[in-house]
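Notes follow once the structure below has been shown.
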Amino acid sequence: MSLNKKVYVTPKDIHKLIAPTDNIYESTVIITKRAKQIAMNRKSELDLKLEEFMSISEEKDSIDAQRQYEITQHYEKLPKPVIEATSEFLEGALSFHYIHE
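Heads up, the sequence shown is in the working numbering, so the first residue is 77 and it goes up one at a time.
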């Protein structure tokens, strides 16, 4: 990790996070579950894209290594799943329901 990398931390209004559920802990659980879904989807996409390189012979090894590197770099540059999930939650793009026993 580069020390010169700029990290932008944007504060979130706690009242906006609480508004949909009336409870910060419930909001956190919803955001966490969505972030896990996003991370799992990205992992499966990445695995599918990299799977094609597993069966290729060693002749084109340097070209394939470069393509693999480019693919993984693309996924590393995507926003973190928790940031994406928080944005979806604040925009009202997430639907959730409670399971009543």
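For every residue, glycine included, the Cβ atom is placed at its ideal position computed from N, Cα and C.
Quiz prompt | Cα-Cα separation between L126 and D98, rounded to whole angstroms | solution = Within the sequence shown, numbered from 1, the residue matching residue 126 stands at position 50. Within the sequence shown, numbered from 1, the residue matching residue 98 stands at position 22. When only Cα atoms are considered, L126 and D98 end up about 43 Å apart.
Practice problem: For the stretch 105 to 161, list the alpha helix (DSSP H) runs that are entirely contained and at least 4 residues long, ordered along the chain. | Solution: For the stretch 105 to 161, whole alpha helix (DSSP H) runs of length 4 or above, ordered along the chain, are 137 to 153.
Quiz prompt | Closer than 7 Å: I147 CB and nearest the ligand ADP heavy atom | solution = Ligands are entirely absent from the displayed structure, and the ligand ADP is therefore not among its contents.
Quiz item: Between the stretch 149 to 158 and the stretch 110 to 118, are three or more C-beta pairs nearer than 8 Å?
Solution: Yes: the two stretches touch, three or more of their Cβ pairs being nearer than 8 Å.
Quiz item: Between the C-alpha atoms of M77 and V85, what's the straight-line distance to the nearest angstrom?
Solution: Mapped onto the sequence shown, residue 77 falls at position 1. Mapped onto the sequence shown, residue 85 falls at position 9. Low per-residue confidence applies at M77: pLDDT is 48, beneath 50, and the placement is therefore not dependable enough to give any value.
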